[in-house]
Amino acid sequence: MPKELELARIEIACILELGKLREMEAEFGEAPADIESLRAQHGNTQIGRPGKDILGALDKEMYTAFYKRRDLPPPANQESVSGSGMGRPKKSYKERYAYYTRIIDHCRSAIAEGESKLNLVHLQLRYLKRLRDRATRMRLQIKTALGPTLIALKNDLAVIEEQISTEARLLNDFQENFITLSNSQLDLRRNSVAKKIQAFDALELTSHDK
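Per our numbering, the very first residue in the sequence shown carries number -6; after that it's consecutive.
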């Protein structure tokens, strides 16, 4: 398949996926996520380049939903009334939790689908983005942490920074040797990166469910 046709099909698929998100936003009265401004800010290049394509927008959408779901007021703190008679009735905790969960699950699926089409180098870039994003979140937590929590975060940050250095060296190696590797060698290395991403997501995304 010509590269241009393949990229066009990927883009169309992503547009359809975003359409589903818009439908869910409208259903629950949520303001639409500003995906277009993200595209304008980061460009609209090949799928797989962190922060510069639809995968970056989906990352943003997913983590926003994680944080909004995490910060929902407990059911006991919500008013039992359904509204003052004007506008739409307020959604219950259960309904809003389910709404954000649907967005998270949808984004996970769309991200996995997009990443399944990436080559070795672009997939490694996606893995590095995950690690760097985690390091950024840790640095923000360190600013307000105290005592044992602060010590644990600093230790974890040192580990993740070393991991970032290791994976960055691997990325350079992949880029330098990409054209000389056989298909079987590329597949072997790509599968290894995919497994690391799966392990990362199993730990990282689960932590946001708590």
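We treat Cβ as the ideally placed atom computed from N, Cα and C, and that holds for glycine.
Pairwise C-alpha distance: residue j and residue i
i    : j    : result
L118 : K147 : 25 Å
E169 : E155 : 22 Å
P67  : H99  : 24 Å
Y86  : T129 : 30 Å
N37  : L143 : At N37 the pLDDT is 47, less than 50, meaning the model places this residue with poor confidence and gives no usable figure here.
L116 : T199 : 21 Å
A192 : S185 : 11 Å
S158 : A151 : 11 Å
K189 : L164 : 14 Å
R62  : F167 : 38 Å
D64  : G12  : 26 Å
G107 : A187 : 12 Å
D149 : E88  : 35 Å
E18  : A24  : 7 Å
G22  : R127 : 31 Å
L48  : R15  : 16 Å
D194 : L174 : 28 Å
Y92  : L51  : 16 Å
Y90  : N176 : 44 Å
Integer Cβ distance of residue i from residue j, believed to fall under 8 Å
i    : j    : result
A58  : I96  : 4 Å
L124 : F171 : The pair is not a contact, with the Cβ atoms about 21 Å apart (cut-off 8 Å).
Element boundaries [alpha helix (DSSP H), containing residue i]
i    : result
I153 : 140 to 170
L48  : 47 to 63
K87  : 86 to 108
A209 : Here the chain comprises residues numbered -6 to 203, so residue 209 is not present and cannot be evaluated.
L124 : 113 to 135
Beta-carbon proximity of residue i to residue j, cut-off 8 Å
i    : j    : result
L121 : A161 : yes
Three or more C-beta pairs under 8 Å: does that hold for the region 127 to 143 against the region 177 to 187? no
Touching by the beta-carbon criterion (3+ pairs, under 8 Å), the region 92 to 109 and the region 49 to 57: Yes, the region 92 to 109 touches the region 49 to 57.
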